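Numbers 316 to 482, taken from the working numbering, label the letters of the sequence shown in order.
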Amino acid sequence: MPKWIPADELAALFWLGDWRPSTILELLRSLAHSLLDPFGVDRALSQLIHDIRIEEAVIDEEMTEIQANCVLHLPFGPTNTEGNWLAPARVRSEFKKIHRVITKAQNLRIKALELAVTKVLSQTDAAEFLVAFVGIQEAIHEYSIKHKTRKGPVCIDELAIHSGILE
316 MPKWIPADEL AALFWLGDWR PSTILELLRS LAHSLLDPFG VDRALSQLIH
366 DIRIEEAVID EEMTEIQANC VLHLPFGPTN TEGNWLAPAR VRSEFKKIHR
416 VITKAQNLRI KALELAVTKV LSQTDAAEFL VAFVGIQEAI HEYSIKHKTR
466 KGPVCIDELA IHSGILE
């Protein structure tokens with residue numbers, strides 16, 4: 316992903332689309348029947364998806380460990396005996412760990428995209444896939460820009476609450 320994409324837009328892209336690295340490859344699997352060599356693509360994709368999911372599992376474990384550490388060891392609870400003077404340093408430490416995991420996940424997404432384009436798809440299919448992928452990013456970018464330009468406090472329409480729309 317380009318570095319110029321704002322953080323909230325990246326979060327929306329990954330949250331709305333559940334853009335796990337293997338998702339990119341699964342998307343290709345659903346399109347394999349329309350590609351030039353559907354059987355070859357399916358075989359190559361199966362192996363790549365397997366390999367990428369192993370790397371995803373490692374990243375998931377790292378994030379789970381960070382989350383557990385935050386819950387168990389950050390000094391914000393009522394039973395805190397260390398005092399609040401250590402809290403900022405511990406929070407910074409956890410943020411650094413989170414940043415490393417997010418960077419690993421981002422690099423794995425890029426790797427999955429590169430593998431799909433170089434190892435699985437023909438040049439023509441790769442070009443079409445990248446155009447479609449950019450289209451998805453542009454749609455989310457437009458959504459992000461529209462969301463960013465809203466002004467004023469967040470409010471929920473009372474009619475929506477009573478009509479059950481928000482339930």
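By construction, the Cβ of each residue, glycine as well, lies at the ideal position given by its N, Cα and C atoms. Just so it is clear, the structure is predicted and the values come from calculations on it, not from any experiment.
*With Ala-402 as the anchor, note down where its alpha helix (DSSP H) starts and where it stops.*
Here the question's residue 402 lines up with position 87 in the sequence shown. DSSP places Ala-402 inside the alpha helix (DSSP H), whose first and last residues are 402-430.
Exercise for review: Output the boundary residues of the alpha helix (DSSP H) element that contains Leu-436.
Suggested key: In the sequence shown, residue 436 corresponds to position 121, counting from 1. No alpha helix (DSSP H) holds Leu-436; DSSP gives it neither H nor E.
Q | Local conformation of Arg-368 per DSSP, three classes | A | Position 53 of the sequence shown holds residue 368. Under the three-state reduction of DSSP, Arg-368 is assigned to helix.
| message | Residues in the same chain with beta-carbon distance under 6 Å from Cys-385, minus the five sequence neighbours each way, listed in chain order, please. | response | Against the sequence shown, residue 385 aligns to sequence position 70. So the list reads Glu-409, once near-sequence residues are dropped.
(message) Spatial neighbours of Ala-427 within its chain, please: C-beta separation below 8 Å, excluding the five flanking residues on both sides.
(response) As a working mapping, residue 427 is identified with position 112 in the sequence shown. Listed in chain order, the non-local C-beta contacts of Ala-427 below 8 Å within the same chain comprise Pro-336, Ser-337, Ile-339, Leu-340, Leu-363 and Ile-367, local neighbours out to five positions each way being set aside.
Below 8 Å between beta carbons: does that hold for Leu-423 and Ile-369? Residue numbering aside, residue 423 sits at position 108 when the sequence shown is read from its first letter. Residue numbering aside, residue 369 sits at position 54 when the sequence shown is read from its first letter. Contact: no.
Checklist entry - Out of curiosity, what's the CA-to-CA distance linking Arg-407 and Met-378? => result One-based indexing of the sequence shown puts residue 407 at position 92. One-based indexing of the sequence shown puts residue 378 at position 63. A straight line joining the alpha-carbon of Arg-407 with that of Met-378 spans about 16 Å.
Query raised in the report: Looking at C-alpha atoms only, which residue of His-388, Ala-383, Ala-347 and Gly-450 is the closest neighbour of Ala-402?
Result: Counted from its first residue, the sequence shown places residue 402 at position 87. Ranking the options by Cα distance to Ala-402, first place goes to His-388.
Review point. Exposed or buried, which one is Val-446 when buried takes at least 16 other CB atoms within 10 Å?
Key: Residue 446 sits at position 131 when you count from the first residue of the sequence shown. Under this definition Val-446 is an exposed residue.
Go ahead and label Phe-354 buried or exposed: buried means 16 or more other beta carbons lie within 10 angstroms of its beta carbon, across all protein chains shown.
Numbered from 1 along the sequence shown, position 39 holds the residue referred to as residue 354. Classification of Phe-354: exposed, given that the 10 Å Cβ count is below 16.
Checklist line | Contacts around Arg-344, its chain only, beta-carbon distance under 6 Å, and the 5 residues preceding and following it disregarded | finding: Reading the sequence shown from its first residue, position 29 is the one you call residue 344. Only Leu-360 meet the Cβ criterion.
* Asked: Is it buried or exposed for Ala-495, if we count other Cβ within 10 angstroms and need 16 for buried?
  -> A question about residue 495 goes unanswered here, because the residues of the chain that appear run from 316 up to 482.
Whole angstroms are fine: how far does the CA of Thr-418 sit from the CA of Ala-347? Reading the sequence shown from its first residue, position 32 is the one you call residue 347. Reading the sequence shown from its first residue, position 103 is the one you call residue 418. Straight-line measurement puts the Cα of Thr-418 at about 29 Å from the Cα of Ala-347.
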